[in-house]
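Trainee: Those sequence lines, one after another, are chains C and G. Heads up, the first sequence is in the working numbering, so the first residue is 107 and it goes up one at a time. Heads up, the second sequence is in the working numbering, so the first residue is 107 and it goes up one at a time.
2 protein chains.
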Amino acid sequence: MDPKLENLKYDSNGLIPAIIQDHATGQVLMFAFMNKVAVEKTVETGKTHFYSRSRGKQWLKGESSGHVQHVKSINTDCDKDVLLVRVEQVGAACHDGYYSCFYRQFSKDEPDWKIEGVKVFDPEKVYKK
Amino acid sequence: MDPKLENLKYDSNGLIPAIIQDHATGQVLMFAFMNKVAVEKTVETGKTHFYSRSRGKQWLKGESSGHVQHVKSINTDCDKDVLLVRVEQVGAACHDGYYSCFYRQFSKDEPDWKIEGVKVFDPEKVYKK
């Protein structure tokens, strides 16, 4: 493994937070955790991989939906304990069918979170629930 | 407290990750954790507040440097367990003097992380070390 990636600061569970951003528009698409293997696979394959705490294993983003993310650049922060990955998103990032997972916006005057953005796909069809 | 903020999913330590983004350019500036009080203060004052795990208390971003962040919008993700806060940044976000904390970029061909971006201020002068 590239020593620059070895020297990132992983937390006590061996994880590092990763912010995924659309490389062309700057839109923040999703947030998830990677472990060392996921970071290594992301660099090697050029497609984002993450670590699922609930399933206890690495996963390729898009493995079910086909909505993979092609990596354009990887940055880290001043403390080297967070990653910012700029990607080209195939399809949409959110399993709810929105391009970005951050489709809910706070407004003091509304009773619930306001939906910002439109559905790109129908999750029931893509995931064959 | 607004029930929409109460219903966010805080982790076992009572924290929620917050991604801070420049509202005008889309540049991701920093990443930190908030607790319920920090979320409430951020909404009430219109300036970002975070929770410091090392110091065990809330803090106002910019309380030492004057580099506060004026909140333009607050979004949450599909799972309601991450926040995306768009801000107008005064000065610079990073205590190292860069506008964004994510100033280090990975390159396979370089021996170390490559610096992306320029220093906006001299940390030694701003923080009077």
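Beta carbons: idealized from backbone N, C-alpha and C, even for Gly. Given the structure is predicted, the values throughout are model-derived calculations rather than measurements.
Tell me, please, whether the CB atom of C:Asn119 is closer than 8 Å to any CB atom in chain G?
Mentor: So, not an interface residue.
Trainee: Taking 7 Å as the cut-off, does the CB of G:His155 come closer than this to any heavy atom belonging to the ligand NAD?
Mentor: For the structure depicted, the ligand NAD is absent and the ligand set is empty, with no information on it obtainable.
Trainee: Count the C-beta pairs between the region 170-185 of chain G and the region 206-221 of chain G that are closer than 8 Å, then say yes if the count reaches three, no if not.
Mentor: At 8 Å Cβ cutoff, the stretches do not touch.
Trainee: Quick one: list the residues of chain C neighbouring G:Gly132, beta-carbon separation under 9 Å, in chain order.
Mentor: The contacting residues are Gln127, Asp128, Thr131, Gly132, Gln133, Val134.
Trainee: Between G:Ser206, G:Gln175, G:Asp218, G:Val145, which has its C-alpha nearest G:Lys110's C-alpha?
Mentor: Among G:Ser206, G:Gln175, G:Asp218, G:Val145, the Cα nearest to that of G:Lys110 belongs to G:Val145.
Trainee: For my contact list, G:Thr154 and G:Val193 are in at a C-beta cut-off of 8 Å; report their separation, rounded to the angstrom.
Mentor: Rounded, the Cβ-Cβ distance is 6 Å, consistent with contact.
Trainee: Please compile the residues from chain G whose C-beta is within a distance smaller than 8 Å of the C-beta of C:Ile180.
Mentor: Going along chain G in sequence order, the residues near C:Ile180 (Cβ under 8 Å) are Gln211, Phe212.
Trainee: What is the DSSP secondary structure of C:Lys231, reduced to helix, strand or coil?
Mentor: Helix.
Trainee: Three-state secondary structure (DSSP) at G:Pro123?
Mentor: Correct three-state label for G:Pro123: strand.
Trainee: When the cut-off is 8 Å and only beta carbons count, does G:Glu169 lie next to chain C?
Mentor: Not closer than 8 Å to any Cβ of chain C, the Cβ of G:Glu169 fails to qualify, so no.
Trainee: My guess is that C:Val177 and C:Ala198 are in contact by the Cβ rule of under 8 Å, so how many angstroms apart are they, rounded?
Mentor: Not a contact, Cβ separation roughly 17 Å.
Trainee: Comparing the C-beta of C:Asp202 with each C-beta of chain G, is any distance below 8 Å?
Mentor: Closer than 8 Å to some Cβ of chain G, the Cβ of C:Asp202 qualifies, so yes.
Trainee: Measure from the alpha carbon of C:Cys200 to the alpha carbon of each residue in C:Lys147, C:Asp117, C:Ala130, C:Val232, then state which is nearest.
Mentor: Ranking C:Lys147, C:Asp117, C:Ala130, C:Val232 by Cα distance to C:Cys200 puts C:Val232 first.
Trainee: Go through its chain and collect everything with a Cβ distance to C:Met107's Cβ below 6 Å, but skip five positions before and after it.
Mentor: Once the five neighbours on either side are set aside, the close Cβ partners of C:Met107 are Glu146.
Trainee: Taking 8 Å as the threshold (C-beta atoms), are C:Ala124 and C:Leu189 in contact?
Mentor: Cβ distance < 8 Å, so C:Leu189 and C:Ala124 count as in contact.
Trainee: Check distances from the C-beta atoms of the region 135-151 of chain C to those of chain G and list, in chain order, the residues that come in under 8 Å.
Mentor: Within the region 135-151 of chain C, the residues whose Cβ lies closer than 8 Å to some Cβ of chain G are Met136, Phe137, Val149, listed in chain order.
Trainee: Can you give me the C-alpha to C-alpha distance between C:Lys163 and C:Gln127, rounded to a whole angstrom?
Mentor: Rounded to whole angstroms, C:Lys163 to C:Gln127 spans 23 Å at the Cα level.
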